[in-house]
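Student: Counting from 1, one number per residue, gives the positions in the sequence shown under the UniProt record's numbering.
Just so you know, even glycine gets a beta-carbon here, dropped at the ideal spot from N, CA and C.
Structure provided below as structure tokens; questions to follow.
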Amino acid sequence: SSCARCKPQRNVICPPRLWEGTRMERTVSEHDDTVQLLSVYILTAVHEQGWCIAAFSLNVLTVQLLSNANCGTARAGWATFAQVLGSSLSMFFPAAWAYQIWDVIFFWEAGLLVYTSLSSTGVMRDCHLESWEQAQSLFIGAHVLQALWFVLLCRRRLLLSTFAIGGTSVCLAVFGVRLLRLDEQGYFLVALPAWLHAGWAMATCLVNFNHALYSSSAGGWSVAAHASASSTTALSVSSRLDVPNESTCGLDLASPPLTLSAPAAADSIA
Numbered sequence: 001s002s003c004a005r006c007k008p009q010r011n012v013i014c015p016p017r018l019w020e021g022t023r024m025e026r027t028v029s030e031h032d033d034t035v036q037l038l039s040v041y042i043l044t045a046v047h048e049q050g051w052c053i054a055a056f057s058l059n060v061l062t063v064q065l066l067s068n069a070n071c072g073t074a075r076a077g078w079a080t081f082a083q084v085l086g087s088s089l090s091m092f093f094p095a096a097w098a099y100q101i102w103d104v105i106f107f108w109e110a111g112l113l114v115y116t117s118l119s120s121t122g123v124m125r126d127c128h129l130e131s132w133e134q135a136q137s138l139f140i141g142a143h144v145l146q147a148l149w150f151v152l153l154c155r156r157r158l159l160l161s162t163f164a165i166g167g168t169s170v171c172l173a174v175f176g177v178r179l180l181r182l183d184e185q186g187y188f189l190v191a192l193p194a195w196l197h198a199g200w201a202m203a204t205c206l207v208n209f210n211h212a213l214y215s216s217s218a219g220g221w222s223v224a225a226h227a228s229a230s231s232t233t234a235l236s237v238s239s240r241l242d243v244p245n246e247s248t249c250g251l252d253l254a255s256p257p258l259t260l261s262a263p264a265a266a267d268s269i270a
């Protein structure tokens, strides 16, 4: 037998609705409830963590796009990251493979955002992230400044980019200090990636500053570049010794990796 729904079509027989009240109907209902609940979770996470997610995404996209795109030939005044770093090398410049650490940092911080988003939606009820909620502005500022740093670097604005990445390291260092009261799980997932990011931002700031000095025509800048590297090494060691033992876990990750030097170190010093 046919029904009104099938009248526009010919030779179509409507199957009897035998599934009403059966497992199939319950499955459809549960699926709709799941989709609705998931939508609520996503909207809540975006509302609570939206600016953090936006700043993180901006930073990752900027670094990835400008690292891989051939900006040097596409537009006048732009250079790729490799072109900027390869213009002058010194003993304190990390090897090229050392920059792959940014992939680890971004992956860890993506897990940070997933963890905090689940906490904000109530899925993980045992989280105590009050300090994270109070320090979100520092996380946002750090990623916005790093995105700005990369744009300035590819425009060969070396001194301005040094201030930008320096601001990133300061924001993340203060951010990490404010998260010292988290429990072990929260500290591992939230504070440690921030400390690792802060350490490499500090090292990048040093590299950026030395690169600006070496790019200068003045001969005395070479001595100043080596002096800045040595003073930063001493500062990192002294800060490591002065901090209590319970707070050194993050500082171990934040120590600048000055031992990773470029292969052309001897030639650049000579």
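Buried or exposed for F107, going by 16 or more other Cβ atoms inside 10 Å?
Tutor: Exposed: under 16 other Cβ atoms inside 10 Å.
Student: Within this structure, are the beta carbons of A55 and I165 separated by less than 8 Å?
Tutor: Cβ atoms of A55 and I165: not closer than 8 Å.
Student: Pull up the CB-CB distance for L61 and C154, whole angstroms please, since I reckon it's below 8 Å.
Tutor: Incorrect: roughly 14 Å between the Cβ atoms, too far for contact.
Student: Take V174 and list the residues in its own chain whose beta-carbon comes closer than 6 Å to its own, dropping the five residues that flank it on each side.
Tutor: Correct list, in chain order: L138.
Student: On the criterion of 16 or more Cβ atoms from any shown chain inside 10 Å, does G50 qualify as buried, or is it exposed?
Tutor: Classification for G50: exposed.
Student: Thinking C-beta only, is G167 closer than 8 Å to L196?
Tutor: Contact flag unset, no.
Student: Helix, strand or coil: how does DSSP classify D103 here?
Tutor: In the structure shown, D103 sits in a helix (DSSP, three-state: H, G or I).
Student: Just confirm the distance between the C-beta atoms of A194 and L172, as a whole number of angstroms; I'd bet it's less than 8 Å.
Tutor: Correct: roughly 5 Å between the Cβ atoms.
Student: Compare the C-alpha of M202 against each of E184, V114, S169 and name the closest.
Tutor: Comparing Cα positions, the closest option is S169.
Student: In terms of residues, what are the limits of the alpha helix (DSSP H) holding V177?
Tutor: Taken as a continuous stretch (DSSP letters only), the alpha helix (DSSP H) holding V177 covers 158 to 178.
Student: Please report the straight-line C-alpha distance between D183 and A79, rounded to a whole angstrom.
Tutor: So the two alpha carbons sit approximately 44 Å from each other.
Student: Of all the options F163, L160, A198, A142, which has the alpha carbon lying nearest to the alpha carbon of I101?
Tutor: Closest by alpha carbon: A198.
Student: So, are the CB atoms of S119 and L129 less than 8 Å apart?
Tutor: Contact: yes.
Student: With DSSP run on the structure shown, which of helix, strand or coil describes residue 275?
Tutor: Residue 275 cannot be examined here, being either before or after the span of the chain that is shown, 1 to 270.
Student: Can you list, in chain order, the residues of its chain whose CB lies under 8 Å from that of R178, leaving out five sequence neighbours each side?
Tutor: Once the five neighbours on either side are set aside, the close Cβ partners of R178 are S131, Q134, A135, L138.
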